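Peer 1: Take a look at this one; I'll ask things after.
Number of protein chains: 2
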Amino acid sequence: MHATMMNFPLTTNHLLDRAAQLFPEVEVVSQAPDKSLRRHTYADLRRRSRALAKGLLDAGLQKGDRVATLMWNHHAHMEVYFGVPMAGGIYHTLNLRLSPEDLGHIVQDAGDRYLVIDDVLLPLLAKFGGELPFEKVFVVRWTPAELPDTLTGEGGKGADFESLIEAGSAELDGWQSPPVDENDPIGMCYTSGTTGRPKGVVYSHRATILHSFASALPDSLNLSISDCLCPVVPMFHVNAWGLPFTATMVGAKQVHPGPHLAPDALLDLYAKEKVTVSAGVPTIWMGIMKLVGANPDKWALQPGLRMVVGGSAAPESMIDTMDQMGMTVIHAWGMTETTPLGSVSRLRPHQLELPKEEQLKIRARQGTPPPFVEMRIVDDEGREVAWDGVHMGELQVRGPWIAGSYHGGVDAQDKWTEDGWFRTGDVVTMNAEGSMQITDRTKDLVKSGGEWISSVALENALMGHPDVAEAAVVAVPHPKWSERPVAVVVAKEGKTLDDAALTAYLAERFERWWLPEGYAHREQIPRGATGKFLKRTLRQELAGWFANAEG
Amino acid sequence: MHATMMNFPLTTNHLLDRAAQLFPEVEVVSQAPDKSLRRHTYADLRRRSRALAKGLLDAGLQKGDRVATLMWNHHAHMEVYFGVPMAGGIYHTLNLRLSPEDLGHIVQDAGDRYLVIDDVLLPLLAKFGGELPFEKVFVVRWTPAELPDTLTGEGGKGADFESLIEAGSAELDGWQSPPVDENDPIGMCYTSGTTGRPKGVVYSHRATILHSFASALPDSLNLSISDCLCPVVPMFHVNAWGLPFTATMVGAKQVHPGPHLAPDALLDLYAKEKVTVSAGVPTIWMGIMKLVGANPDKWALQPGLRMVVGGSAAPESMIDTMDQMGMTVIHAWGMTETTPLGSVSRLRPHQLELPKEEQLKIRARQGTPPPFVEMRIVDDEGREVAWDGVHMGELQVRGPWIAGSYHGGVDAQDKWTEDGWFRTGDVVTMNAEGSMQITDRTKDLVKSGGEWISSVALENALMGHPDVAEAAVVAVPHPKWSERPVAVVVAKEGKTLDDAALTAYLAERFERWWLPEGYAHREQIPRGATGKFLKRTLRQELAGWFANAEG
C-alpha cells in the first residue's frame, strides 16, 4: 500500500508566490547608504525576483551556475536569494569583511560566474587585483557616482542590475520558471575557516524550507504576520540566519538596515518602522544597550522588542540588562553548517516561577534543538555522555538542514562521524530537559593539569563585572600545568581594572584553579571578519606569558 | 554542484524520540470510561509505542499491514498512531459512528489484518455479523467486564493489548525499529462517502510532519510547549486533525477525553487539567456555550482558552459569544483529503482596529491557507476566478499534505484536475488578501454535529418508497447540530404521505441520526434547466425551518 499524498516539492518559489498572493501589500523596506528608505511590497519582490530570474536566463545563466554577491542587507539581495534559484542558479554570498586573498580563494573554489555588487562596495572589488574572476558584474546603484572605467570601459565587465531586471520584465506575465527539485541547491556560504581554508556549505530548497518552518515556531523565534523583522546579521552570514526566508514564509514586514549597523542608526530604524524583532551578534547589542542606557527615553521602541542573539553566547548580564530596558533576548545557537538554527533557549512553563537569577542562568544556555535537529554528546573515547548537566563532551548534530559534507568534497572527513553526525567542535553539557550549554570550543578549552577549564564561562563572568567592557580568556602554555587561563580585559571608559579585585570577583563564582593566572590589559580585543574574538591571535601574543614562571 | 545537506527523513519516529528526550516528564492524560484519569508521560508514550511496534513485529506484522482501530481518544490510540508506523504497518482509524455495513465495506477495502478496540466498544464488533474480518483483535481494557466468548473461547481471535505491549517490552532497550522512508504510509482514514462508497486516504510520514509544522505556526494554531491540548475531535476523524502529532512535536501536554464528550464532562476536564487549547466541531461548542452561559462561574477555565473550530463553519454569533465568555475561537477549514488543515481564519495586524462586527465577519470566513497549501478558484468553464471577494467558483487545492488519489486507485478521477489539483467540491469566494469563504457546496451534503449525512442516499431511499413521486433532501441550518436534513417530498397521484411512516421506512435503512428532521410536502420540486433539482432554492426556502427550535 502506498501513501496517496501529492508529490509537492518544498521550494523557495512557493514562499514568494505565497507572500505575493496572500500578503501583496506587506512591505520590504531597505535603508540606502544615504539613509533614505526604499519601499517595496511582497508583490514587488515577486515581480522583481521573477524578472531577475528571467533576465539571468536570457543573459545565458545555465542550471547550477553560481552568482556571487557582495552586498549589504536590502531588497536587491533578497531578489538574488529568490531569483537566482528560481532560474536554476546558486547564489553565493561573499563576506565583505574577509581579506581579498580569502575572497579570491573562495570565488575560485566556488567557481562563481557572475557577481552582483552594491556600488558602494566597488572599492572592495578593486582590491582583488589582476583580471576580475567574474564573467559579468551586475552593479546595484545606490549613489549617483560614476562607475569605474575598469567596469564600464572597453571590454569592461560591468552591467547595471536594474537594467537586468528591466530586461527580464518584458513578457513576464504568465512566464513559467524552470521546474526545480526540492533537493536542488539554492545558495552557498563559506565557513569562517578558523581551522584551515574556508569551506563551502551548499543549501538546498528543502533544507531552507524546513529551517523556515522550524524557525517560525512559537518555541523558536515565534515569527508571524504580526511581526516586523530587522535582520542586523548580514545576509552574507548564513543567509542572515535564514530570516529573510522565514519572514517571507509568514508574511512579516521586513526592514533591512543596508550598511548602517551603528547603534543609533539601528535604533532610529527600529523606532521609525516599528520593528518587533531584530537579530544579530552580541557585539551589536552591546552598543545598543550602551546607547539606550545613556538615552533611556530617546527611542520609542515596540514593547517587548525581541532581540535574537546568536553567533556568540549571550551572557546573563546582557539578557538581564535588555530585560530591564524592555527588550526580550531570544538566545539561539547555530553554525554555517547548520543553516544555522541549532537550538533556542526559552523558558519552559514550569520555569516561569523560578527566581530571576535562575531564569537568567537558563536563558544564557544555548537551549533546546527545534524539531528535526538531533543532538548527542560524545566524549574523547567516542562514548555518548549522559544528559545530566555536568558531564562534558563534543556536541554532534544531525538533521535535514545540517551539512553532510562540504562543497567539492574537500578533505574534512574528521568533521563527520562514521555514522553520519556532524561534529560541531563545541564542548557542551546537556541537562535532563535537553537544554544544551556550550562550555567551550574544543580548540579554546584550557586544559590545566589534565582538567578542562571553560574560557567562555570565565569570559561571561568577567563581562558581568561593572567595570569590564570586554574580556577574552585564552589558554596559555604553562610549564607546570600544561595550560593556564590568562584573561585579556578592556576597561569601561573612565574605569581602571585591578587584577586582585578581578580575581576576588571571580573567586566568588569559580573554583580556585579556574581563576586566571594573569590579566593582560588592552584598549580593545582583536576581532575577525565575523565579529568574533580572534583568540588564535591572542594565544600567539600571550604564548610567552609563563616563559619565566617556575615549573 | 549539489547541495551538501544531510539526507534526513521526515518521520513520526523523530517526533516521539524528540518528545521523550526533551520533554520526558510532560504528560499525556487519558480519561477512562469511569472518568478516572490515566497519566502517562512522553517518556512512557515512547516506551509503550516502541513496545507495541516490537510486539507487533514479533507477532508477525509485515511491512504495509493494516491495523484497524475502533477507539476513543486516549493514550493507547496514540500508541497505535506511533507504534504501528514504527513497525512498518499502517493504522486505519474506523469511525465508530458508521453503520456496520459501511464499516464492513471499509475494513474489506482496506484489507485490515488486525484490529485494536476499546473494550467498551466491543458491542459494535458484535454487529459485524458473520466471521470477524480480522486475524486478531487486540482489546484495550478499561473495565473489569469479561470479554465475550466469541473472542476468548476456542478459536477466538481476541488478545489483550496490554499483553502485546508487555511482550514487546522484553529486550526493548537499544532495540532499533526498522528503517522507514518519509514517503512510507503511516495511517489511513476513509471519507464519508457521500458520493458513492467511502474512499480511503493514506497519509505518509512526510505529509504528517509538514502538516504538523504548518499547524503549529503562530498564524495557524500557535501550538507550543506552554500549551495543554484537549482534542475533542475524534482520533478517527482525520487523525484528530493531526493534533496528537502536532502537540507531540512541540512537547505540549495532551489531555484526551475518552468517551466523555458531553459539555459538562469536557468543562470539568478543561478546568482540572488546565487546558489551554481544545478542538472540535461547532456542535460541541454549542453545548459548551449553553452550559457556561447558564453557569458562568462554575468552571475556572484558562484565560483565553483557544477553541479550534472546524468540520463545519463557525457562525459569527458563536465566535462573538465565546469571546464574551473569555474563550477564543480559531476558525479552521479542512477535509479528510487535506490531512486536514487547509486554512485558518485569523485577524491580520491592520484588522485589529476594525469595529467588532467587521472583525467577526472576517473570523467567520474559512481564512488563509498555511504555507505550502495552494488554492485557486475555478468556474464552471474551467477558468480561474478573480480573488475579489465576489466571484464564486470551485475551490481547488494542492500541496504536500493534500491527497493526490484514493487508496486502490478507485475511480474518482473527477476529484482531480488534469493539472493535478484536488477539487474540494466547495464553492467559495476569495478576497484580495487570500481569505477564503465557503458559499456553497457542489455536492449536496448535510453536516450534522461534525458528521456527514448524504442527502443523495436519503433521496434515493425515499424515492424507493411506493407512495413517493419525488424527494429532495437538503441541509438546513440548525442551532445545535449546525445542519440537519429536511426532506422535500412529492406524493404520487392519489396518495398521501405520512411523516412518521416515512421515518419508520428510512429507519430500517439508516442510523437514527441520519433521519430527516422534518418533511416539507410539495406539489413538485423546482428544477433547473438541465432537469436537476434546484437545491439552492430549496435551501433558501427552508432556511428558517429550525428558527424556533431549541439549541
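Quick note, the sequences are listed as chains H and C, same order. Residues in the first sequence are numbered from 1 upward in steps of one, following the UniProt record's numbering. Residues in the second sequence are numbered from 1 upward in steps of one, following the UniProt record's numbering. For every residue, glycine included, the Cβ atom is placed at its ideal position computed from N, Cα and C. Owing to the predicted nature of the structure, the values given are computational and were not obtained by experimental measurement.
By Cβ distance, which residues of its chain are closer than 7 Å to residue 370 of chain C, with the 5 residues on each side in sequence left out?
Peer 2: Contacts found: 214, 217, 220, 341, 344.
Peer 1: Would you say the segment 476-483 of chain C touches the segment 498-507 of chain C, given that touching needs at least three Cβ pairs under 8 Å?
Peer 2: As far as the Cβ criterion goes, the segment 476-483 of chain C does not touch the segment 498-507 of chain C, which means the pair count is below three.
Peer 1: Under 7 Å, Cβ to Cβ, is there at least one residue of chain C near residue 556 of chain H?
Peer 2: This structure cannot speak to residue 556 of chain H, because chain H is shown only from 1 to 551.
Peer 1: Which same chain residues end up closer than 6 Å to residue 326 of chain H when comparing Cβ atoms and leaving out the 5 residues on each side of it in sequence?
Peer 2: For residue 326 of chain H, where only same-chain residues beyond five positions count, there are no Cβ hits under 6 Å.
Peer 1: Would residue 79 of chain C be called buried (16 or more neighbouring beta carbons within 10 Å of its own) or exposed?
Peer 2: Buried is the call here.
Peer 1: Which stretch, first to last residue, makes up the beta strand (DSSP E) that contains residue 92 of chain C?
Peer 2: Here the beta strand (DSSP E) through residue 92 of chain C covers 90-93.
Peer 1: Residues in its own chain within less than 7 Å of residue 228 of chain C by CB, not counting five upstream and five downstream?
Peer 2: Contacts found: 252, 253, 255, 273, 274, 275, 276.
Peer 1: For a cutoff of 7 Å on Cβ pairs, would you count residue 246 of chain C as touching chain H?
Peer 2: No, because no Cβ of chain H sits closer than 7 Å to the Cβ of residue 246 of chain C.
Peer 1: Report back the beta-carbon spacing between residue 282 of chain H and residue 314 of chain H to the nearest angstrom; my notes put them in contact at under 8 Å.
Peer 2: That belief holds up - the Cβ atoms of residue 282 of chain H and residue 314 of chain H are roughly 6 Å apart, short of 8 Å.
Peer 1: Residue 437 of chain C versus chain H: which residues are under 9 Å apart at the beta carbon?
Peer 2: Result: empty, since nearest Cβ-Cβ is about 15 Å, beyond 9 Å.
Peer 1: Here's the rule I'm using: 16 or more other beta-carbon atoms within 10 Å means buried, otherwise exposed. How should residue 28 of chain C be labelled?
Peer 2: By the 10 Å Cβ count, residue 28 of chain C comes out buried.
Peer 1: Taking residue 366 of chain C as part of the beta strand (DSSP E), name the residues at either end of that continuous run.
Peer 2: Per DSSP, residue 366 of chain C belongs to no beta strand (DSSP E) and is neither H nor E.
Peer 1: Taking the beta carbon of residue 63 of chain C as the centre, do at least 16 other beta carbons fall within 10 Å, making it buried, or is it exposed?
Peer 2: By the 10 Å Cβ count, residue 63 of chain C comes out exposed.
Peer 1: By alpha-carbon positions, which one of H/17, H/158, H/114, H/42 ends up nearest to residue 61 of chain H?
Peer 2: If we check each option's Cα against that of residue 61 of chain H, H/114 comes out closest.
Peer 1: Report the residue ranges of all alpha helix (DSSP H) runs contained in full by the segment 416-476 of chain H; include only those spanning at least 4 residues, in chain order.
Peer 2: Counting whole runs of 4 or more residues, the segment 416-476 of chain H contains the alpha helix (DSSP H) stretches 455-463.
Peer 1: Could you list which residues in chain C have their beta carbon closer than 7 Å to that of residue 405 of chain H, in chain order?
Peer 2: Within chain C, the residues near residue 405 of chain H are 4.
Peer 1: Whose C-beta lies closer than 6 Å to the C-beta of residue 201 of chain H among residues of the same chain, with five residues either side of it excluded?
Peer 2: Closer than 6 Å at Cβ, skipping near neighbours: 189, 336, 337, 403.
Peer 1: Determine, using beta carbons only, whether residue 376 of chain H comes closer than 7 Å to chain C.
Peer 2: Output row for residue 376 of chain H: interface = no.
Peer 1: In three-state terms, what does DSSP make of residue 180 of chain H?
Peer 2: Residue 180 of chain H: coil per DSSP, three-state reduction.
Peer 1: Please report the distance separating the alpha-carbon of residue 151 of chain C from that of residue 157 of chain C.
Peer 2: C-alpha separation (whole angstroms): 5 Å.
Peer 1: Got a sec? Which residues, its chain only, sit under 7 Å from residue 258 of chain C by beta carbon, not counting five neighbours each side?
Peer 2: Taken in chain order, the residues that qualify are 30, 31, 32, 33, 72, 73, 74.
Peer 1: Mind checking if residue 362 of chain C is an interface residue toward chain H, Cβ cutoff 7 Å exclusive?
Peer 2: Chain H contact via Cβ: absent.
Peer 1: What does DSSP give as the partner residues of residue 115 of chain H in its beta bridges?
Peer 2: Answer by DSSP bridge pairing, in chain order: H/68, H/137.
Peer 1: For residue 194 of chain H, which three-state DSSP category applies?
Peer 2: Any reading at residue 194 of chain H needs caution, since the residue's pLDDT is 47, under 50, leaving its predicted position unreliable; the model's value is listed next. Residue 194 of chain H falls in the coil class under three-state DSSP.
Peer 1: Between the segment 296-308 of chain H and the segment 370-390 of chain H, do at least 3 Cβ pairs fall closer than 8 Å?
Peer 2: Flag = no, the segment 296-308 of chain H and the segment 370-390 of chain H do not touch.
Peer 1: So, do the segment 127-145 of chain C and the segment 8-24 of chain C have three or more beta carbon pairs nearer to each other than 8 Å?
Peer 2: Short answer: they don't touch.
Peer 1: How would you list, in chain order, the residues of chain H whose beta-carbon sits under 8 Å from the beta-carbon of residue 216 of chain C?
Peer 2: Per Cβ cutoff of 8 Å: 217, 218.
Peer 1: Which of helix, strand or coil does DSSP assign to residue 554 of chain C?
Peer 2: With chain C covering 1 to 551 only, the question about residue 554 of chain C has no answer from this structure.
Peer 1: Just the chain D side, please: which residues come within less than 7 Å of residue 29 of chain C by C-beta, in chain order?
Peer 2: No chain D appears in this structure, whose protein chains are H and C.
Peer 1: Using a Cβ cut-off of 8 Å, pull out every chain C residue sitting near residue 368 of chain H, in sequence order please.
Peer 2: Under the 8 Å cutoff, chain C gives 22.
Peer 1: Ends of the alpha helix (DSSP H) at residue 253 of chain C?
Peer 2: No alpha helix (DSSP H) holds residue 253 of chain C; the beta strand (DSSP E) holding it covers 253-256.
Peer 1: Under 9 Å, CB to CB, which of the residues in the segment 169-202 of chain C have a partner in chain H?
Peer 2: From the segment 169-202 of chain C, only 183, 184, 185, 186, 188, 200, 201, 202 have a Cβ closer than 9 Å to chain H.
Peer 1: When burial is assigned at 16 or more other CB atoms within 10 Å of the CB, is residue 464 of chain C buried or exposed?
Peer 2: When all chains shown are included, residue 464 of chain C counts as exposed.
Peer 1: For residue 8 of chain C, would you say it is in contact with chain H, using Cβ-to-Cβ distances shorter than 7 Å as the test?
Peer 2: Chain H contact via Cβ: present.
Peer 1: Taking only three categories from DSSP, how would you classify residue 551 of chain C?
Peer 2: Here the model assigns residue 551 of chain C a pLDDT of 42, short of 50, so the residue's position is not dependable and the matter cannot be decided.
Peer 1: Any beta carbon from chain H within less than 7 Å of residue 399 of chain C's own beta carbon?
Peer 2: Yes, residue 399 of chain C counts as interfacial toward chain H.
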